[in-house]
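Heads up: the structure comes next, in structure tokens.
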Amino acid sequence: AQSVTQLGSHVSVSEGALVLLRCNYSSSVPPYLFWYVQYPNQGLQLLLKYTSAATLVKGINGFEAEFKKSETSFHLTKPSAHMSDAAEYFCAVTLSDKIIFGKGTRLHILP
Amino acid sequence: DTGVSQNPRHKITKRGQNVTFRCDPISEHNRLYWYRQTLGQGPEFLTYFQNEAQLEKSRLLSDRFSAERPKGSFSTLEIQRTEQGDSAMYLCASSASWLAGDEQFFGPGTRLTVL
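In the order they appear, the protein sequences are chains H and Y.
With our numbering, the residue at position 29 of the first sequence is 29, and numbering never jumps.
With our numbering, the residue at position 94 of the second sequence is 1094, and numbering never jumps.
Shown next, in the form of structure tokens:
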């Protein structure tokens, strides 16, 4: 069965600094991978998804993620954090149509 | 607004009462999903529909839970004899196709509090 593990339930970065949110997946075959963002009292919004077309995936709001099969990782990065990036981020995996989510990482942006 | 909508946004009920939530997916989306999200956790799959057919139910969906999508458009999720452990955010999502990896669009959720 597939699963994802997000390292760090809370991450704090200074405004303008690099954002790195870690995600490792477990799957018997290369899966589809997603990053979703959830702002307070809102639903989830897709940031980006990996579907095997390219290992470096660019998403919305300046985020990108790199699929590394050898490390079974799909870390999310952004070169320069903005205050508006403060939210909860979920890594997710699927092999079919049922998405399995990680527990989430809350990103705090320090002024 | 053509996104996924959910009603009500908040529901407070007493233990033992029945509650019903509604989800209106994006028009013409065939797939409709229900998830439950508790504090500090990611969303957990509950069930999904392909048009009006309910194709899969999670073990999380006890006998007190029932979901319907009678005409293949909106869906309802009913919880009977609510328990405090049912307190959570209930999220609905829809997608255009059955293809793996197809984006699921999420609604804002219904937050249930059982007193």
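Positions of the beta carbon are idealized from the N, C-alpha and C atoms, including for glycine.
- For F74 (chain H), the enclosing beta strand (DSSP E) covers residues 73 to 78.
- One Cα belongs to E1028 (chain Y), the other to G16 (chain H), and the distance between them is close to 41 Å.
- From the beta-carbon of W1034 (chain Y), no residue of chain H is found nearer than 7 Å; the closest lies around 11 Å away.
- Around the CB of M83 (chain H), fewer than 16 other CB atoms lie within 10 Å, so the residue is classed as exposed.
- Note on geometry: alpha-carbon atoms of L110 (chain H) and Y39 (chain H) lie some 17 Å from one another.
- Rounded to the nearest angstrom, the gap between the Cα atoms of L1091 (chain Y) and K68 (chain H) is 30 Å.
- The DSSP-derived three-state label of D1024 (chain Y) is strand.
- Taking a beta-carbon distance threshold of 9 Å, F1106 (chain Y) counts as an interface residue toward chain H.
- The DSSP-derived three-state label of S84 (chain H) is helix.
- Of all residues in the segment 1053 to 1077 of chain Y, the ones placed with a Cβ closer than 8 Å to any Cβ belonging to chain H are E1056, in chain order.
- With fewer than three CB-CB distances shorter than 8 Å, the segment 1006 to 1013 of chain Y does not count as touching the segment 76 to 94 of chain H.
- At the C-beta level, T55 (chain H) and L20 (chain H) stay beyond 9 Å of one another.
- Contact of F101 (chain H) with chain Y by beta-carbon distance below 7 Å involves G1042, P1043.
- T1047 (chain Y): member of the beta strand (DSSP E) spanning 1044 to 1050, first to last residue.
- K49 (chain H) sits buried, since 16 or more C-beta atoms from the chains shown fall within 10 Å of its C-beta.
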